[in-house]
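Under my numbering, the first residue of the sequence shown carries the number 2, and numbering increases by one thereafter.
For glycine and all other residues, C-beta sits at the position ideal for the given N, C-alpha and C.
Just so it is clear, the structure is predicted and the values come from calculations on it, not from any experiment.
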Amino acid sequence: MGFCPQCGTKVEPDWIHCPNCTYYLLDRIESSISQVPQISREKKRDDYYPRREEVQDERRIDNRNNNTKTNAIIAILVIVLIFSIIGNIFLNVGSNGPGPPLPPPLTLHVGTPQNPVTLDPIDAWDTASYDVINQVAEPLFWYDVRDPSLPLEPLLVKTYSWNSNNTVLSLDLKKDIFFHDNMPFNSTAVKWNIDRWLYFTNSTGLLPYYTSIAFPHSLFFFPNGSSIIKNCIIVSEYSVNITLNEPFGPFLSLLSAPFCSIISPYYHSQTEYINLYWGDLIGTGPFKFDMHVGDMEVKFSRWDRYWRTGSYYEELVFSIIMDQTTRSQALLAGNIDFAQDFPQNVYPIEEYPQIKIVETGTDLIYWYLGFNTHIINRTLREALSFAYNYSHVIDVIRLGNAERGCPAVPIGMPGHNASVQSNLPYMNITRARILMQQMGYAVGWDVGYPGSNESSWNIASFATEMFGAPLKLNLHLGSSINMKLNELAIQNWQLIGIDTFNEELTWDEFLEYGENDPEHFQVWYVGWGPDYFDAYNMLDPLFNPHAPYNFGQIDIPLVNELLHNASIETDISERNEIYQHLQYVLFQKEFVHMPLWASYQYTVHAAYLKNVPYSPLDRFYAWPIYELH
């Protein structure tokens with residue numbers, strides 16, 4: 002019997018948490034930590050870098066030795082049991098039996114809609130994979146999801162500094178951090194990981210043709226095609242220098258992304274991806290990866306040697322429940338503790354006190370109608386922007402579960418321009434008709450709406466006069482929302498004499514045209530979300546003339562200059578001012594896109610869960626969560 006060091010409550014020796022204040026009783030695991038064999042610094046580097054096959058062979062040897070020990074223990078127990086029968090020896094079992102059974106592990110159950118696509122951080126680019134990786138592996142920097150303001154902070158790094166021209170980032174690493182294979186985190190591990198990123202993104206040019214390039218590889222290159230990272234040099238056991246080919250302001254944000262999570266070099270291969278079905282993921286995070294059973298679950302267990310306070314939960318389970326209704330009902334029934342992608346505005350909170358629904362603002366996805374700026378001139382872009390019923394989009398198509406879209410940079414992201422947001426185009430047919438007349442169309446007609454020339458406006462075919470055919474609207478095959486948006490555009494734009502038609506394309510066809518033949522497009526609907534939490538990642542891929550996703554062929558000298566200035570500016574506040582100026586130019590001067598909506602975002606979980614991270618980033622992170630019934 003002991004006492005909780007935080008609140009003084011009596012606790013048993015084998016208790017993990019104080020039942021009163023949930024304080025984590027670290028004494029329980031200190032002895033087990035001290036028993037883990039340590040590798041001396043004098044060990045040869047070859048010992049730190051066994052080939053993957055060798056690691057597996059060593060584990061097989063360990064298992065064989067353990068089996069031998071187990072067989073010996075079983076033999077001893079059999080002998081003891083025989084003698085216990087003869088001599089009435091009860092092995093410390095009294096008349097009341099062996100004592101109370103051990104309590105089941107404390108488990109957090111999370112209902113998630115889909116399987117992870119990969120276990121390998123450098124190949125990850127989907128939410129389900131991020132959610133798995135975030136529990137197991139950690140990046141050098143992170144946006145602290147416990148704070149709604151999402152400060153960018155060092156995580157595995159103690160201190161950092163830039164050289165005078167912002168091309169060399171010096172990192173002093175934290176000590177006494179261990180991977181789940183009990184090997185040390187140090188500068189050797191950091192260099193090994195960075196070299197692995199450069200290999201799989203083909204920044205080295207050494208990736209074999211038969212090995213697929215890492216999914217987020219484009220984020221590791223400047224728009225001119227050169228690699229952002231030049232190399233990583235070990236300075237000491239806990240110090241490295243990362244050299245860039247040229248300054249890159251958002252580099253710390255890039256390092257905070259899940260695909261830059263640090264994994265164990267002592268177990269993983271530097272030239273082979275982690276296999277989703279029979280592979281393992283070894284990181285430094287609060288949970289160890291145990292298994293993934295496709296379409297069923299992903300299981301984790303607490304890492305008791307975690308460098309920060311250990312998790313409240315001994316086990317973490319992602320239950321894969323693809324149907325949204327089934328998943329929400331599982332939460333209401335108490336079968337899971339946390340439900341991702343919970344249906345919005347369906348369950349009034351007052352009717353279900355057992356759950357907690359927290360609105361965390363709008364999400365980070367930018368939905369828009371894009372213009373091909375090579376084909377559609379600036380005046381027509383402005384006219385089309387003011388001849389569209391955005392209120393209908395929000396209230397009818399999105400059923401009120403959204404608000405007017407952001408000017409590319411989401412409201413919850415640093416660098417968002419609130420002034421541009423409040424001055425986005427709104428439906429104003431008269432203004433749009435005046436703009437049409439400025440281009441020489443419908444001169445002398447009544448521009449009022451409704452006005453005396455309504456029939457003339459409605460039967461006009463000004464797009465055919467301009468382009469030789471009606472304005473082409475892309476329609477993603479099978480997308481009901483895209484169909485509704487296009488139907489609205491057809492109705493609204495006919496009010497200013499613009500005739501239109503739909504062209505159906507599959508998603509693969511859309512991407513193929515966008516990347517290789519963007520001249521094919523005139524107007525299209527799509528969404529864009531950040532790969533890492535910096536406005537540069539929202540702006541540069543869509544508006545840089547060299548970027549692969551600039552389907553609108555936008556090439557505006559001032560925009561190009563501002564994007565370059567943002568890319569080399571390491572001061573966050575200065576960079577955010579550049580981002581705000583960019584939004585002004587793009588959306589109030591050039592009208593390159595029509596922002597549509599940003600969806601409201603909710604976090605939904607059992608009411609007894611406490612310290613759940615609520616942030617615009619909307620990434621699940623189990624480590625801070627605990628229960629209070």
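| task | Assign residue 629 to buried or exposed, taking buried as 16 or more other Cβ atoms, counted over all protein chains shown, within 10 Å of its Cβ. | result | exposed
| query | Which runs of the alpha helix (DSSP H) fall wholly inside the segment 505-549 and span at least 4 residues, in chain order? | reply | 508-517 and 537-544
| request: With a cut-off of 8 Å on the beta carbons, I'd call residue 556 and residue 546 a contact; round off their distance for me. | output: 4 Å
| message | I need the straight-line Cα distance from residue 189 to residue 235, nearest angstrom please. | response | 7 Å
| query | How big is the Cα-Cα spacing for residue 445 and residue 375? | reply | 29 Å
| query | By DSSP, does residue 198 sit in helix, in strand, or in coil? | reply | helix
| said: On a Cα-Cα basis, can you pick out the residue from 380, 404 and 475 that is closest to residue 435? | reply: 380
| How many whole angstroms separate the CB atoms of residue 245 and residue 230, which I take to be in contact at a CB cut-off of 8 Å? | 6 Å
| query | Quick one: what's got a C-beta closer than 8 Å to residue 450's C-beta in the same chain, skipping five residues either side? | reply | 430, 431, 434 and 496
| request: Would you check if the distance between the CB atom of residue 123 and the CB atom of residue 261 is smaller than 9 Å? | output: yes
| message | Quick check on the burial criterion: 16 or more other C-beta atoms within 10 angstroms. Buried or exposed for residue 65? | response | Summary for residue 65: the model assigns pLDDT 32, below 50, so the residue's position carries little reliability, and this model does not support an answer.
| field | Euclidean distance between Cα positions of residue 639 and residue 528 | value | A query on residue 639 cannot be resolved here, the shown segment of the chain reaching from 2 to 630 and no further.
| task | Within the same chain, show all residues whose beta-carbon is closer than 6 Å to that of residue 473, passing over the 5 residues directly before and after it, in chain order. | result | 504 and 523
| request: Please classify residue 383: is it buried, with 16 or more other beta-carbons within 10 angstroms of its beta-carbon, or exposed? | output: buried
| task | Report back the beta-carbon spacing between residue 408 and residue 558 to the nearest angstrom; my notes put them in contact at under 8 Å. | result | The Cβ separation is near 20 Å, so there is no contact.
| task | For residue 204, count neighbouring C-beta atoms within 10 Å of its own C-beta (all shown protein chains included) and say buried if the count is 16 or more, exposed if not. | result | buried
| message | Is the separation between the beta-carbon of residue 263 and that of residue 170 shorter than 9 Å? | response | no
| CB residue 622 to CB residue 146, shorter than 9 Å? | yes
| said: To the nearest angstrom, how far is the alpha carbon of residue 488 from that of residue 389? | reply: 11 Å
| task | For the beta strand (DSSP E) containing residue 327, list its first residue and its last residue. | result | Here residue 327 belongs to no beta strand (DSSP E); instead the alpha helix (DSSP H) covers 325-333.
| task | Please report how far the alpha carbon of residue 588 lies from the alpha carbon of residue 372, in whole angstroms. | result | 12 Å
| request: Could you work out which residue in 405, 108, 448 and 118 is closest to residue 339 when comparing CA atoms only? | output: 108
| query | Should the segment 512-522 be called in touch with the segment 195-202, which here means at least 3 C-beta pairs below 8 Å? | reply | no
| said: I believe residue 137 touches residue 288 by the beta-carbon criterion, under 8 Å. Please report the beta-carbon distance rounded to the nearest angstrom. | reply: 6 Å
| Between the CA atoms of residue 421 and residue 624 - distance to the nearest angstrom | 37 Å
| task | Could you tell me the distance, in whole angstroms, from the CA atom of residue 605 to the CA atom of residue 443? | result | 53 Å
| query | Whose C-alpha, out of 363, 361 and 335, is nearest the C-alpha of residue 355? | reply | 335
| field | Proximity to residue 540 [Cα-Cα], best of 525, 520 and 563 | value | 563
| said: Would you say residue 628 lies against chain B (beta-carbon separation less than 9 Å)? | reply: As a matter of chain content, chain B is missing from the structure shown, which is built from one protein chain.
| Do you know offhand how far residue 320's Cα is from residue 196's? | 34 Å
| field | Under the three-state DSSP convention, the category residue 502 falls into | value | strand
| message | So for residue 407, helix, strand or coil by DSSP? | response | coil
| task | Going by DSSP, name the residue or residues bridged to residue 631. | result | No answer is possible for residue 631: it lies beyond the span of the chain, which begins at 2 and ends at 630.
| message | Quick check: the Cα distance between residue 59 and residue 268, rounded to an integer number of angstroms? | response | Low per-residue confidence applies at residue 59: pLDDT is 30, beneath 50, and the placement is therefore not dependable, though the value from the model is reported in the following sentence. Going from the Cα of residue 59 to the Cα of residue 268 covers about 11 Å.
| What are the boundary residues of the beta strand (DSSP E) that residue 212 is part of? | Looking at the DSSP string, residue 212 is not in any beta strand (DSSP E), and its letter there is neither H nor E.
| Cβ distance (whole Å) where residue 361 is taken to contact residue 412 below 8 Å | In fact, because the Cβ distance is near 11 Å, the residues do not count as touching under 8 Å.
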